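2 protein chains.
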Amino acid sequence: MTVRTLYHYPLCGFSRVVRFMLSEKKLDYECVYQAPWDVKEEVLEHNTAGTLPVLVDINGTSVFGSSAIREYVEEVYPKPNLTGEDQIDRAESRKIADWFDYIFYNDVYLCIINEKIYKRFVREGDKVPDPSRVRLALSKLHVHLDYVSWLIDRRNWLAGQYFSIADVYAASFLSVVDYLGCIPWAKHEIAKQWYARIKSRPAFRGILNDNLSQIPPSLDYSNLDF
Amino acid sequence: MTVRTLYHYPLCGFSRVVRFMLSEKKLDYECVYQAPWDVKEEVLEHNTAGTLPVLVDINGTSVFGSSAIREYVEEVYPKPNLTGEDQIDRAESRKIADWFDYIFYNDVYLCIINEKIYKRFVREGDKVPDPSRVRLALSKLHVHLDYVSWLIDRRNWLAGQYFSIADVYAASFLSVVDYLGCIPWAKHEIAKQWYARIKSRPAFRGILNDNLSQIPPSLDYSNLDF
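Same order as they appear, the protein sequences are chains A and B. When we follow the numbering used here, the leftmost residue of the first sequence carries the number 107, and every step to the right adds one. When we follow the numbering used here, the leftmost residue of the second sequence carries the number 107, and every step to the right adds one.
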């Protein structure tokens, strides 16, 4: 019996998904900091590709890959159910989760992370974010915030009546962009109200407490009244 | 009751995953050709982002996103089981599926598709693949073929005793690269033996019969003795 361990990087959307899920399920786990650009042997032993996060469960099972971890955690720790009760609900929550995992990731997230974290803090000699790239990503961000608003206009949570992995994925990825101060909440009132409800969830507190000395959070990042 | 419909592009790894899964489960479906660079209104009605594939099931449920479709098909049509019986097996098959979905996709697939299909046949005025990019992707391809060989050295199929989504994902993504004639099978004998077994599965026949007039398949693409 080992301690449940999550190798993660605080400003990694995929890692935040798993942290948020484990906390919603009130599972104890140890977070081990891992910089994506300097992956330790200990992590490579579980995942030779070195992608984050990697979950090593108390039974010794190691899992990596966004949907693999998500489905594993749901199957092994089914309460509370975060995917939905029937097949249609489950398809809906996974569809929205995949939306943030792929479409938001490629449209917005990847560029912002590359320009604002990798270029500035990791790679040497090329430290200024490219404003035209950032501008393009931020213009696409509006589409995704409109999508959140459109869903919340019709539903209690993103996939329907109940809080689900759709909310977990959207909040986890958006919160990284918010940490960097790039979300124009004032222009997206309905999406903002949804995110305010996310911020007030006890399971999200750990994510709001993230504070990297080299990359400090934006002013209102952890503020419940933003 | 509508006809089960899959909007797909023949040389799309994600689309092939769903075709292979549906065929393994002996489900009837209509394949509707959709070019990723010219997405029709009919598809956008189901998925405003226009990513492929999109599955519209007989009950009218539409699903998109790689893991959302995979899990939906497994839940609604559980026979034969393609994920595994117990939680450990299921984590293993999903982990390998995610490997091809993300890591192989980013290391090899995306570059090959961009250089060999998008640049040559889709975008105007920039038609020559960049040899240094292709070379880099192909050098990384060896790592993934070695991974397949390593697994098959220890197991009957990629995730264990039984054929699973791990094989479906690996074969679907590798087969697109093979269609373009880029897989050095002769240097990877064990992976080749595994792929020969894939090629002989009746459910894979539709994929082997793909033949786009503008982009013809490589010489041995559909050859069972390659």
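For glycine and all other residues, C-beta sits at the position ideal for the given N, C-alpha and C. Please read all numbers here as calculations on a predicted model, not as lab measurements.
- One alpha carbon belongs to Ile-202 (chain A), the other to Leu-264 (chain A), and they sit about 8 Å apart.
- Three or more beta-carbon pairs drawn from the region 131–145 of chain A and the region 111–122 of chain A are found closer than 8 Å, and the two stretches are therefore classed as touching.
- Listed in chain order, the beta strand (DSSP E) elements of length 3 or more contained wholly in the region 236–271 of chain B amount to none.
- In this structure Ala-309 (chain B) touches Glu-130 (chain B) by the C-beta definition: roughly 4 Å separates them, less than 8 Å.
- Contact holds between the region 189–199 of chain A and the region 253–272 of chain A, because three or more Cβ pairs, one in each stretch, are under 8 Å apart.
- Annotation: Arg-260 (chain B) has no Cβ neighbours in chain A at a cutoff of 7 Å; minimum Cβ distance is about 15 Å.
- Considering only beta carbons, the part of the region 180–214 of chain B lying closer than 8 Å to chain A consists of Glu-181, Val-182, Gln-193, Ile-194, Arg-196, Ala-197, Arg-200, Lys-201, Ala-203, Asp-204, Trp-205, Asp-207, Tyr-208 and Ile-209, in chain order.
- Contact annotation: Ser-328 (chain A) and Asn-315 (chain A) have beta-carbon atoms nearer than 9 Å.
- Remark: C-beta atoms of Phe-210 (chain B) and Leu-280 (chain B) approach each other more closely than 9 Å.
- Counting C-beta pairs closer than 8 Å gives three or more between the region 121–136 of chain A and the region 151–169 of chain A, which meets the contact rule.
- For Phe-170 (chain A), the uninterrupted beta strand (DSSP E) run begins and ends at 168–170, by DSSP.
- In terms of beta-carbon proximity, Arg-226 (chain A) stays away from the interface with chain B, with every pair separated by 9 Å or more.
- If you compare the alpha carbons of B:Val-228, B:Pro-237 and B:Ala-276 with that of Leu-251 (chain B), the shortest gap goes to B:Ala-276.
- For Ala-155 (chain A), a Cβ of chain B is located within less than 9 Å of the residue's own Cβ.
- Beta-bridge pairing by DSSP links Val-282 (chain A) to no other residue.
- Rounded to the nearest angstrom, the gap between the Cα atoms of Leu-150 (chain B) and Gly-156 (chain B) is 5 Å.
- Only Thr-157, Thr-167, Val-169, Phe-170, Gly-171, Ser-172, Ser-173, Ala-174, Glu-177 and Tyr-178 from the region 156–179 of chain B bring a Cβ to less than 7 Å from some Cβ of chain A.
- In the three-state reduction of the DSSP assignment, Leu-330 (chain A) falls in the coil class, being assigned neither a helical nor a strand state.
- The beta carbon of Ile-258 (chain B) sits closer than 8 Å to those of Leu-264, Ile-296, Ala-297, Gln-299 and Trp-300, all from its chain and outside the five residues before and after it, given in chain order.
- Per DSSP, reduced to three states, the secondary structure at Val-179 (chain B) is helical.
- Pairing Val-109 (chain A) with Glu-136 (chain A), the inter-Cα distance amounts to about 7 Å.
- Nearest C-alpha to His-294 (chain A) among A:Arg-311, A:Ala-302, A:Gly-287 and A:Ser-255: A:Ser-255.
- Chain B places no beta carbon closer than 9 Å to that of Tyr-135 (chain A), leaving this residue out of the contacts.
- His-248 (chain B) is positioned such that its CB atom lies closer than 9 Å to that of Pro-290 (chain B).
- Annotation for Tyr-301 (chain B): the continuous alpha helix (DSSP H) segment containing it runs 295–305.
- Taken through DSSP and simplified to helix, strand or coil, Leu-150 (chain A) comes out as helix.
- According to the DSSP secondary-structure assignment, Tyr-139 (chain A) is paired through a beta bridge with A:His-114.
- Here Ile-218 (chain B) really is in contact with Val-240 (chain B); their C-beta atoms are around 7 Å apart, less than 8 Å.
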